[in-house]
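Residue numbers (the UniProt record's numbering): 1 to 322. Positions of the beta carbon are idealized from the N, C-alpha and C atoms, including for glycine. One structure below.
Rendered as structure tokens:
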């Protein structure tokens, strides 16, 4: 009996030893697994750290006026909050949503652009439903100006042309003369705007003078219109609205140009208007207001000329007179 039970005892002893060995290896495997997890966590942490480091390196902070490169120094009365030179289109795009000295300029331009895009869609779709779509597309195309200053010259030209056309609707020779004069002055302003030194800071008064002189040239046809039509036309509501709109538009343009050239109000409050309400922002706002006033006046004048029974041109011989 003892011989028969001995192998069982030995075999049972072997099984017990294996169980003990497997049980003792469990903590080792757990430790190895934990070590692997820890290594992976460290690697992920290093990756996150690298990403954060790159983000910090790519980020930028507003700077002092004197820290700007020479080609970005335009208004020394705006002391802090300037946007530094950015190295990529992506960084420039996202700077739209950052607060700096150009934030107000960007958004006043953007809001004005969206406003007049909406007005253009409204005019083409609702006021002229019978015009074919291709005609609307062809005559609605605009050539993008090369520079911001060219855009200002084109804006002033576009402000005068409709008023001259409808204001001298029945006077052919004055209409042709003033339209040619306006186009000539507009092209001259564009050519001057393309001059390399035109955008330099010390040419700021010259820039304002060019555009203000162009705008003030509208006084000449305005006085001519008053003399030729007399004050009786002033009483008519549509004509009164359009001429008054022209005066208000010119006043807004001139006021904005004076503020921009003289750098008011930051001239009197250096460092206080770095982000909001400096001269460039006020100039943008006044230009947009002037464009809205102009749109209202031209709409009234066009409606009067095209729909009023009293707006009938004289005989062809009289049509050629001044």
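Around the beta carbon of residue 48, a 10 Å sphere encloses fewer than 16 other beta carbons of the protein chains shown; the residue is thus reported as exposed.
Here residue 82 is buried: its Cβ has 16 or more other Cβ atoms, across all protein chains shown, within 10 Å.
Linking residue 264 to residue 278 through their CA atoms gives a straight-line distance of about 7 Å.
The alpha carbon of residue 274 has as its nearest neighbour, out of 59, 41, 65 and 45, the alpha carbon of 65. By the Cβ test, the region 166 to 182 is not in contact with the region 111 to 124, since fewer than three Cβ pairs between them sit closer than 8 Å. In the displayed model, residue 63 falls within a strand according to three-state DSSP.
Non-local C-beta neighbours of residue 270 in its own chain, meaning closer than 7 Å and more than five positions away in sequence, comprise 77 and 79, ordered along the chain.
The region 153 to 163 and the region 283 to 297 touch, with no fewer than 3 CB-CB distances between them shorter than 8 Å. DSSP assignment within the region 282 to 310 yields no whole alpha helix (DSSP H) run of 4 residues or more. The beta-bridge partner set that DSSP reports for residue 82 consists of 63.
It is roughly 9 Å from the alpha-carbon of residue 251 to the alpha-carbon of residue 286.
Excluding five sequence positions before and after residue 209, the CB atoms of its chain that fall closer than 8 Å to its own CB belong to 261, given in chain order. CA-CA distance, residue 282 to residue 102, rounds to 12 Å. A residue is called buried once 16 or more other Cβ atoms fall within 10 Å of its Cβ, and residue 312, having fewer, is exposed. Following the DSSP letters along the chain, one finds residue 77 in no alpha helix (DSSP H), marked with neither H nor E.
Rounded to whole angstroms, the gap between the alpha carbons of residue 61 and residue 204 is 27 Å. The beta-carbon distance between residue 189 and residue 214, rounded to whole angstroms, is 5 Å. This is short enough to meet the 8 Å contact definition. When the Cα atoms are used, residue 87 and residue 220 turn out to be separated by approximately 48 Å. For residue 273, no alpha helix (DSSP H) encloses it, and the DSSP letter there is neither H nor E. Nearest C-alpha to residue 161 among 97, 295 and 308: 295. The C-beta distance from residue 75 to residue 266 rounds to 7 Å, short enough to meet the 8 Å contact threshold.
With a threshold of 16 other beta carbon atoms within 10 Å, residue 216 falls short and is exposed.
Here the alpha carbon of residue 89 sits roughly 51 Å from the alpha carbon of residue 226. Only residues of its own chain outside the window of five on either side were considered, and among them 82 and 84 have a CB closer than 8 Å to the CB of residue 67, listed in chain order. Residue 163 places its beta carbon less than 9 Å from that of residue 297.
For residue 108, the CB contacts under 7 Å within the same chain, skipping 5 residues up- and downstream, are 281, 284, 285 and 288 in chain order. Taking a 10 Å sphere around the C-beta of residue 42, we find fewer than 16 other C-beta atoms and assign the residue as exposed. It is roughly 26 Å from the alpha-carbon of residue 305 to the alpha-carbon of residue 253. Shortest Cα-Cα distance from residue 299 to any of 165, 149, 150 and 105 involves 165.
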